[in-house]
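Taken in order, these protein sequences are the chains called Z and Y.
Quick note on numbering: the working numbering labels position 53 of the first sequence as 53, and the sequence is numbered without any gaps.
Quick note on numbering: the working numbering labels position 30 of the second sequence as 30, and the sequence is numbered without any gaps.
Idealized CB from N, CA, C, for every residue including glycine.
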Amino acid sequence: MAKFKVNKSYAQINEKIKKGQVVVVTAEEIIDIVRQEGPVEAARRVDVVTTGTFAPMCSSGVFFNIGQSRPLIRTTKTYFNNVEAYSGVAAIDCYLGATAVCEDDPLNKVYPGEFNYGGGHVIEDLVAGKSVHIAASSYGTDCYPNREIERDMTLKDIPTATLCNPRNAYQNYNAAINLSNKTVYTYMGTLKPQGGNINYCNAGELSPLLNDPYYKTIGIGTRIFIGGAKGYVVGHGTQHNPGNARTEKGIPVRPSGTLWTMGNLKEMNKDWLKGVSIRGYGCSLSLGIGIPIPILNEEIVQYTAISDSDIYTQVLDFGVNYPNGNFESLAQVSYAQLKSGSIRLNGEDIQTVPLSSMVKARQIADILKEWIRSGKFFLGEPQETLPV
Amino acid sequence: MLRFPKETCSDPVVCFLAKDFNLTFAIQHASIFPRKEGLMVLELSGTKSNFKKGVEFLKSRGVKVQNAAQEIIRIIENCTHCGACTAVCPTGALWIKRPEMSVEFEQEKCSACELCVLTCPTRAMKVNPKDENFF
Ligand code: SF4
Ligand code: SF4
């Protein structure tokens, strides 16, 4: 315990929340506090730092249980507003992925495709209180003879709906440029030819995993803000790759850690889940996530004090290289540069374009701050932190 | 609505509409954008045949003529301030306010090119027909 000058436990911080004495600031606000007061003083004074991010998170979806019919059915195909959900689980359970596209969508046959409606939009519609048409079929069994059901349901009518996302909140992400001679339509947005723009998608200094780069406080059971409700980190996400190169401050310079998250869709709010149509690419869900970082000691507060100029990422060519599996970095740039609006690359000023909303990320960090301050949200101590 | 390519931006063009084609015009808006293309919104009136000839003349000078009977609007509730649209907006009508990083839309600068409409992931940018009888 003598390792640090300041030592706080989760229980102590939760006790302060209960008594209304907790000091919470956002990951933007902490930067100046640590700069002015130093890490020890800051760690003494501040108990929690809140983070936030709002961006397309393709690896998102909902586990539904749609309720039984008479006679009973064991669904093998399920559609929500004509978007297929995976039904290879138990009777009337299914998983609707955010990137599933509506059945009669022309996809990229008319290039670049519009992708007007998909899983993300179904999720948004349900959260917004709209009624969704559910059609399911089956081959029929002795115990589940029904072969077909069709009904309109709202989120209230659906027995369970759990948002369960195998890969969210990427710790850092590549920036994209297009060096080919034609416009490309990618999951990183529209990229004009010959290096017309650099698109990037990360909240930088507000981003959850960049504020706890070695996952010292984040793990299984961490309570989070997700889609406007309380939810949880249930483990490391798919493609979690903590072993990438890092800066002196410990920040990975490429996409690294990821989170597997979960929350009750019924408690969520449409401001924080939006179906998105990415031109020429497909459908997805933009989702808001916020994670509170408990300031257990001065080391952790130092991590939360990183600013955009401390965070670097790589610029990759999405015109030719990336589609061919070549992840060669054309340049290493900081988020301060990316957020400035243009970057000088090989003697030319190139426009930089965000895809991740800082406005919403800041709102999320503020809401989470308010929840904790007002005693509505307590810290969840992880049973195990994420693998480093 | 007239869109002038870089090359003709500095040439006298519009005055000939009055001089040679007997058309009267009222300029409602004019600007030159960062990438040096020009945009002018004007109300033209005259006889039908002169009007046609005038439009032909403009086209022959490389000017793109568009019916301004529709405008682009932003449905603010749908906008997440992500910024994706700023990659394609050629006129700077969609721009990012710093340091807030909020996305602003200045309709006066919009040329109604519609590039943002399908680029916006949440479909916040919409074509809005105006019911003015133009052509
Ligand atoms: S239509 Fe959209 S992209 Fe085109 S100028 Fe107007 S705002 Fe910009
Ligand atoms: S792309 Fe759409 S949602 Fe994003 S900032 Fe532009 S108008 Fe708003």
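Taking only heavy atoms of ligand 3 into account, decide whether any of them is closer than 7 Å to the Cβ of residue i.
{"i": "alanine 136/Z", "result": "Ligand 3 is absent from the structure shown, which contains only ligand 1 and ligand 2."}
For residue i, is the beta carbon positioned less than 7 Å from some heavy atom of ligand 2?
{"i": "proline 121/Y", "result": "yes"}
{"i": "threonine 162/Z", "result": "no"}
{"i": "glycine 288/Z", "result": "no"}
{"i": "leucine 94/Y", "result": "yes"}
{"i": "cysteine 283/Z", "result": "no"}
{"i": "histidine 81/Y", "result": "yes"}
{"i": "cysteine 85/Y", "result": "yes"}
{"i": "valine 122/Z", "result": "no"}
{"i": "methionine 188/Z", "result": "no"}
{"i": "alanine 124/Y", "result": "yes"}
{"i": "arginine 74/Y", "result": "yes"}
Expressed to the nearest angstrom, what Euclidean distance is found between the alpha-carbon atoms of residue i and residue j?
{"i": "asparagine 174/Z", "j": "glutamine 351/Z", "result": "16 Å"}
{"i": "isoleucine 73/Z", "j": "isoleucine 92/Z", "result": "7 Å"}
{"i": "phenylalanine 54/Z", "j": "serine 286/Z", "result": "7 Å"}
{"i": "aspartate 47/Z", "j": "isoleucine 306/Z", "result": "17 Å"}
{"i": "lysine 64/Y", "j": "cysteine 113/Y", "result": "11 Å"}
{"i": "methionine 262/Z", "j": "glutamate 124/Z", "result": "16 Å"}
{"i": "methionine 1/Y", "j": "leucine 338/Z", "result": "35 Å"}
{"i": "serine 138/Z", "j": "asparagine 65/Z", "result": "15 Å"}
{"i": "threonine 26/Z", "j": "glutamate 370/Z", "result": "10 Å"}
{"i": "phenylalanine 134/Y", "j": "glycine 92/Y", "result": "Residue confidence for phenylalanine 134/Y is low, a pLDDT of 48 falling below 50, so the modelled location carries little weight; the figure read from the coordinates is stated next. Those two C-alpha atoms are separated by around 26 Å."}
{"i": "glutamate 7/Y", "j": "phenylalanine 33/Y", "result": "13 Å"}
{"i": "asparagine 7/Z", "j": "glutamine 21/Z", "result": "17 Å"}
{"i": "glycine 62/Y", "j": "glycine 54/Y", "result": "13 Å"}
{"i": "methionine 268/Z", "j": "asparagine 202/Z", "result": "23 Å"}
{"i": "serine 131/Z", "j": "phenylalanine 105/Y", "result": "32 Å"}
{"i": "isoleucine 220/Z", "j": "aspartate 142/Z", "result": "41 Å"}
{"i": "tyrosine 187/Z", "j": "serine 357/Z", "result": "16 Å"}
{"i": "aspartate 104/Z", "j": "threonine 78/Z", "result": "15 Å"}
{"i": "tyrosine 322/Z", "j": "leucine 330/Z", "result": "12 Å"}
{"i": "isoleucine 33/Z", "j": "arginine 223/Z", "result": "25 Å"}
{"i": "glutamine 314/Z", "j": "glycine 237/Z", "result": "21 Å"}
{"i": "threonine 86/Y", "j": "aspartate 308/Z", "result": "21 Å"}
{"i": "proline 213/Z", "j": "serine 31/Y", "result": "48 Å"}
Under 8 Å by Cβ, that's how I've got residue i and residue j pegged, so tell me the actual separation to the nearest angstrom.
{"i": "lysine 360/Z", "j": "glycine 288/Z", "result": "6 Å"}
{"i": "glycine 280/Z", "j": "tyrosine 111/Z", "result": "7 Å"}
{"i": "phenylalanine 57/Y", "j": "phenylalanine 16/Y", "result": "7 Å"}
{"i": "lysine 392/Z", "j": "valine 127/Z", "result": "Absent from the model: residue 392/Z. The displayed extent of chain Z is 1 to 388, so no value can be given."}
{"i": "glycine 129/Z", "j": "glycine 61/Z", "result": "In fact, because the Cβ distance is near 20 Å, the residues do not count as touching under 8 Å."}
{"i": "phenylalanine 25/Y", "j": "valine 14/Y", "result": "7 Å"}
{"i": "alanine 42/Z", "j": "valine 301/Z", "result": "5 Å"}
{"i": "tyrosine 232/Z", "j": "glycine 375/Z", "result": "Their Cβ separation, rounded to whole angstroms, is 19 Å, which puts tyrosine 232/Z and glycine 375/Z out of contact at 8 Å."}
{"i": "serine 334/Z", "j": "tyrosine 312/Z", "result": "5 Å"}
DSSP three-state call for residue i: helix, strand or coil?
{"i": "arginine 147/Z", "result": "coil"}
{"i": "phenylalanine 135/Y", "result": "Confidence in phenylalanine 135/Y is poor, its pLDDT being 48 and thus under 50, which makes the residue's placement too unreliable to answer from."}
{"i": "asparagine 78/Y", "result": "helix"}
{"i": "serine 334/Z", "result": "strand"}
{"i": "threonine 26/Z", "result": "strand"}
{"i": "arginine 223/Z", "result": "strand"}
{"i": "phenylalanine 33/Y", "result": "coil"}
{"i": "asparagine 202/Z", "result": "coil"}
{"i": "isoleucine 195/Z", "result": "In the sequence under discussion, the amino acid at residue 195/Z is glycine, which differs from the isoleucine named in the question. Here glycine 195/Z sits in coil by DSSP."}
{"i": "asparagine 295/Z", "result": "Note that residue 295/Z is isoleucine in the sequence shown, not asparagine. If DSSP states are grouped into helix, strand and coil, isoleucine 295/Z belongs with coil."}
{"i": "leucine 42/Y", "result": "strand"}
{"i": "glycine 97/Z", "result": "strand"}
{"i": "serine 49/Y", "result": "helix"}
{"i": "alanine 85/Z", "result": "strand"}
{"i": "glycine 54/Y", "result": "helix"}
{"i": "phenylalanine 378/Z", "result": "coil"}
{"i": "serine 309/Z", "result": "helix"}
{"i": "arginine 373/Z", "result": "helix"}
Would the C-beta of residue i count as close to ligand 1, meaning under 7 Å from any of its heavy atoms?
{"i": "serine 9/Z", "result": "no"}
{"i": "alanine 112/Y", "result": "yes"}
{"i": "valine 65/Y", "result": "no"}
{"i": "cysteine 116/Y", "result": "yes"}
{"i": "methionine 101/Y", "result": "no"}
{"i": "valine 46/Z", "result": "no"}
{"i": "valine 41/Y", "result": "no"}
{"i": "proline 90/Y", "result": "yes"}
{"i": "isoleucine 220/Z", "result": "no"}
Exercise for the section: Pick out the complete beta strand (DSSP E) segments inside the region 228 to 253 of chain Z, 3 residues or longer, and give them in chain order. Expected result: Counting only runs of 3 or more, we get 229 to 236.
Handout entry: Inside the region 317 to 368 of chain Z only - alpha helix (DSSP H) runs reaching at least 4 residues
Key = Listed in chain order, they are 335 to 340.
Practice task
Please go through the region 107 to 145 of chain Z and give each complete beta strand (DSSP E) segment of 3 or more residues, from N-terminal end onward.
Solution key: Those beta strand (DSSP E) runs which fall completely within the region 107 to 145 of chain Z and span 3+ residues are 132 to 137.
Exercise for the section: Within the region 18 to 78 of chain Z, note down every full beta strand (DSSP E) run reaching 3 residues or more, in order along the chain. Expected result: Listed in chain order, they are 24 to 26, 48 to 50, 53 to 56 and 61 to 65.
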